[in-house]
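Residue numbers (my numbering): 268 to 352. Glycine included, every Cβ here is placed at the ideal spot set by N, Cα and C.
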Amino acid sequence: MASIDEVIASVSANANAVTEVQGQIEGSKAMTEETLGQLQALGVEGAMAAMTGCKEALEECSAMATALQNKLNEAMAAAAAAKQQ
Numbered sequence: 268m269a270s271i272d273e274v275i276a277s278v279s280a281n282a283n284a285v286t287e288v289q290g291q292i293e294g295s296k297a298m299t300e301e302t303l304g305q306l307q308a309l310g311v312e313g314a315m316a317a318m319t320g321c322k323e324a325l326e327e328c329s330a331m332a333t334a335l336q337n338k339l340n341e342a343m344a345a346a347a348a349a350k351q352q
């Protein structure tokens with residue numbers, strides 16, 4: 268049977284992983300924005316539209332990662348409260 272400390276450690280590890288993924292998503296978004304600028308300079312409208320869709324999807328991913336991080340923080344707080352009982 269897992270202890271409360273093990274649960275807290277596990278949730279903390281998950282939170283750290285989400286933070287890392289969110290950083291990677293932001294990196295991808297920055298590359299996408301750079302590519303969009305290059306496509307705009309070249310006047311490649313079709314590719315710009317597709318890349319804009321990519322950027323929007325990455326923005327949604329970032330928002331989801333933020334929401335997940337918030338829920339993991341709630342889970343850690345609940346586990347910490349259980350430990351105080």
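Of the residues T299, A332, V285 and Q351, the one whose Cα lies closest to the Cα of G320 is T299.
Counted as a single uninterrupted DSSP element, the alpha helix (DSSP H) harbouring G320 occupies residues E312 to Q351. Burial check for V311: the Cβ neighbour count within 10 Å stays below 16, so the residue is exposed. Residue range I271 to L309 is occupied by the alpha helix (DSSP H) that includes M298. Annotation: A269 to S277 spans about 10 Å, alpha carbon to alpha carbon. Our two residues, K350 and Q307, have alpha carbons roughly 55 Å apart in a direct line.
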